[in-house]
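So the structure is just underneath, and the comments pick up after that.
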Amino acid sequence: MLLASFALTACATGAEKPKRICPQVAIVRALEKAADFGQEAADPANLVSVAVMQKVEGTCDYSDKGVTVDFTLKMFAQKGPRLGGDRASFPFFASIVDAADKVKAKELMTAEFTFSSDKNVAEYNQPLRIFIPLAVDEDASTIRVLTGFQLTEAQLKAVGK
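Residue numbers (the working numbering): 22 to 182.
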């Protein structure tokens, strides 16, 4: 048993360091959709617009100071019958969450959708770069980068129904 352990240790010392894992980047499912009804009741006839986060795609790169996460957040919005004009905006966030589910940082942004006159749907792709400081050999596998729409109290209540 001691010999087998020694052989494994000897192999490991000459090998490269194991590849560090990127933090998980995800959309919070309960916050992936936002519907704007203005000040009216949540009824399809009152819909100003609705936006949905489709997916996130990206990579990470470790340095001596931490990990840089580069990703693109892909969203789309649809016009509602009460949209006055060709633009709709939705606040959203990107946050860093640790292994204990504690939010370490959160940044609010706004997705600005512009609809062409002949289409009811608009796309919005937001490239994002987030740096997470880490110790030299620390791995970010237990850290998550979470995104979602920043909902109002009324929107949150509607999600819970």
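All C-beta atoms, glycine included, are put in the ideal place defined by N, C-alpha and C.
For the beta strand (DSSP E) containing residue i, list its first residue and its last residue.
i: V118; result: 108–118
i: F134; result: 124–135
i: T163; result: First-last for T163: undefined, no H or E at that position.
Below 8 Å on the Cβ atoms is my contact criterion, and I expect residue i with residue j to pass it. Report the Cβ-Cβ distance as a whole number of Å.
i: A132; j: F114; result: The pair is not a contact, with the Cβ atoms about 11 Å apart (cut-off 8 Å).
i: S116; j: L167; result: 5 Å
i: V90; j: C43; result: 7 Å
i: V157; j: D85; result: 6 Å
i: Y190; j: R41; result: Residue 190 lies beyond the range of the chain shown here (22 to 182); nothing can be said about it.
Short check: CB of residue i to CB of residue j, under 8 Å?
i: K76; j: N146; result: no
i: A62; j: P102; result: no
i: F136; j: A143; result: yes
i: N141; j: K178; result: no
i: G169; j: V49; result: yes
How many angstroms separate the CA atom of residue i from the CA atom of residue j?
i: A56; j: V71; result: 4 Å
i: F152; j: I164; result: 12 Å
i: K54; j: T93; result: 17 Å
i: Q176; j: V69; result: 13 Å
i: V88; j: F97; result: 29 Å
i: L129; j: P148; result: 14 Å
i: S162; j: V124; result: 16 Å
i: F134; j: D160; result: 36 Å
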